[in-house]
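In our numbering, the protein residues as written are 5 to 434.
Note sheet for the following structure.
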RNA sequence: GGAGAGGUGCCGGAGUCUGGUCGAUCGGACCGCACUGCUAAUGCGGGGACCACCUUCAAGUGGUCCGUGGGUUCAAAUCCCACCCUCUCCGCCA
């Protein structure tokens, strides 16, 4: 959620910043929020005045009763009742207006960072690093889609996954299953120098899913467990961001760095029929997420730290990659500034998004109510949150199947993963 | 799932039966000052969060906050209802 005060103190700047996202309806919403906000404050002021009157009269009633002056007490009581009735009506209106304002604000996206590139869609995302490709290109034996290679090797069994759970579910077997786990372990181990490992719940409350921005706007993308009013997490970002929700931290604790491996659940509501083969898009997948809670000043540097860490993981696997920056027209609702790491998959002849690193400024932290206090100073400040996929397992798995495929159809295990593979160095036919 | 107990400020813990003088007793921690060669001890003083108004530096005024949300009342930490969470016992269970 953006700060309502911005609408009052810098309406022009706020409007200009949001205009960069390229959505005209958004500016209408903004105008509506602004007028709703001033209406709310007007009513609140009136309501508070009436409340003060009721409070004051009530005190006098108590006083009169103690003095045994029943007549005066009853007269005061009647006046207080009348004021109370007016107050009640105004309070109800204030609650209505406040609810409308909150709903509007929850749907207004974050302001893009001044340095975020302008653009209308994903076609305008500039490459900011790379591409890093092998000097002599890709040999013919790497031009095989991973699903063919992996199915032939008996390590991918999507047919049976579909039998068990339906379309868009995947299943890895044997060394393929080991490889998935190895990637998780690798990503966690490589960041354990600075990040606390968390094993959070995968089912969360509606409030938790609202804090990170998935609700109310994107309810269709998430799996709901209605009977228990819980939701399956689409990413570890959701529980980790809310971990300190509702708390006031000490500035000295910041930045806080956390990481988690979790399964991720996505309905992929808008993507039916897309990427149906292989491992590129599934309702359930594994991911290691890295996340930070910082002061506003620490945000910019942390964004680069997370990006560097995500990049190091991909580079450490010897995969061809590039880094793109997300332009204003392609940014997610909560994003302030954001980078994607893409790996090249020669078999699909596609750049695969394997990591997305984002700075949310105080947008999520305001929803989650994460604040910090500076020692010796009054009041609190809303924190900043950032996160990045350290490693999205299935797409990296797929990229390995294609980039490490040998002429005989076997797949070499990248050096960095071998410690986790029980001695398997090459995945051959089973 | 059943029975019982409980949820109050940074922490501990009163207040709830008997509604008003309770944003809240007391203690600890913390901060400031005094005392002390330094520490400790002691003494004195100070506290939160959030919203609006007013100034917009400081201060001030009003409102809200005693798990959450409703209700009763002139007035609710206190009475009523629902829900959430914690603890103990029972049941079930990897």
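Even glycine gets a Cβ: it sits at the ideal position worked out from N, Cα and C.
How big is the Cα-Cα spacing for residue i and residue j?
i, j, result
"residue 190", "residue 421", "7 Å"
"residue 334", "residue 321", "28 Å"
"residue 227", "residue 396", "19 Å"
"residue 64", "residue 79", "11 Å"
"residue 224", "residue 338", "17 Å"
"residue 17", "residue 117", "12 Å"
"residue 345", "residue 128", "15 Å"
"residue 287", "residue 383", "43 Å"
"residue 174", "residue 248", "33 Å"
"residue 253", "residue 295", "16 Å"
"residue 269", "residue 20", "36 Å"
"residue 403", "residue 323", "8 Å"
"residue 130", "residue 113", "22 Å"
"residue 198", "residue 48", "47 Å"
"residue 60", "residue 54", "10 Å"
"residue 9", "residue 101", "16 Å"
"residue 165", "residue 429", "26 Å"
"residue 262", "residue 70", "59 Å"
"residue 289", "residue 202", "18 Å"
"residue 273", "residue 58", "53 Å"
"residue 417", "residue 316", "18 Å"
"residue 279", "residue 231", "31 Å"
"residue 99", "residue 5", "19 Å"
"residue 211", "residue 362", "22 Å"
"residue 142", "residue 423", "27 Å"
Could you give the C-beta distance for residue i and residue j, rounded to a whole number, given that I count them as a contact under 8 Å?
i, j, result
"residue 11", "residue 22", "Actually they are not in contact, since the Cβ atoms of residue 11 and residue 22 sit about 11 Å apart, beyond 8 Å."
"residue 387", "residue 374", "5 Å"
"residue 389", "residue 292", "Not a contact, Cβ separation roughly 17 Å."
"residue 433", "residue 366", "The Cβ separation is near 54 Å, so there is no contact."
"residue 215", "residue 245", "6 Å"
"residue 154", "residue 425", "Going by Cβ atoms, the distance from residue 154 to residue 425 rounds to 15 Å, so no, they are not a contact pair."
"residue 136", "residue 311", "Their Cβ separation, rounded to whole angstroms, is 15 Å, which puts residue 136 and residue 311 out of contact at 8 Å."
"residue 94", "residue 50", "6 Å"
"residue 177", "residue 161", "5 Å"
Going by DSSP, which residues form a beta bridge with residue i?
i, result
"residue 342", "362"
"residue 235", "208, 228"
"residue 108", "Per DSSP, none; premise fails for residue 108."
"residue 160", "176"
"residue 326", "346"
"residue 415", "409, 431"
"residue 200", "262"
In terms of alpha-carbon separation, which member of the options lies closest to residue i?
i, options, result
"residue 357", "132, 347, 365", "347"
"residue 159", "414, 291, 427, 60", "414"
"residue 381", "259, 255, 405", "255"
"residue 427", "183, 46, 8", "183"
"residue 221", "168, 197, 276, 111", "111"
"residue 242", "307, 267, 309, 259", "267"
"residue 258", "55, 376, 287, 19", "376"
"residue 409", "307, 147, 283, 34", "147"
"residue 307", "392, 280, 26", "392"
"residue 398", "431, 249, 181, 329", "181"
"residue 302", "328, 364, 6, 92", "364"
"residue 90", "77, 71, 69, 56", "56"
"residue 275", "350, 351, 172, 166", "172"
"residue 108", "119, 39, 163", "39"
"residue 329", "341, 319, 336, 238", "341"
"residue 336", "400, 315, 218, 423", "218"
"residue 133", "400, 353, 371, 343", "343"
"residue 332", "72, 97, 124", "124"
"residue 188", "73, 401, 354, 6", "401"
"residue 163", "283, 385, 138", "283"
"residue 150", "13, 309, 281, 46", "281"
Closer than 7 Å: is that where the CB of residue i sits relative to any heavy atom of the ligand ADP?
i, result
"residue 353", "Ligands displayed in this structure: none; no statement on the ligand ADP is therefore possible."
(Q) Suppose only complete runs of 4+ residues qualify. What are the alpha helix (DSSP H) ranges in the segment 344-410, listed by chain order? (A) 367-372, 397-407
Q. What alpha helix (DSSP H) runs, 4 residues minimum, are completely inside the segment 59-87?
A. none
**Q.** Segments of 4+ residues assigned as alpha helix (DSSP H) that fall wholly inside the segment 114-143
**A.** Within the segment 114-143, not a single complete alpha helix (DSSP H) segment reaches 4 residues in length.
Q | Inside the segment 240-311 only - beta strand (DSSP E) runs reaching at least 3 residues | A | Along the length of the segment 240-311, whole beta strand (DSSP E) runs at least 3 residues long occupy 252-254, 260-269, 288-298, reported in chain order.
Q: Any chance you could list the alpha helix (DSSP H) runs of at least 4 consecutive residues sitting entirely within the segment 18-60, in chain order?
A: none
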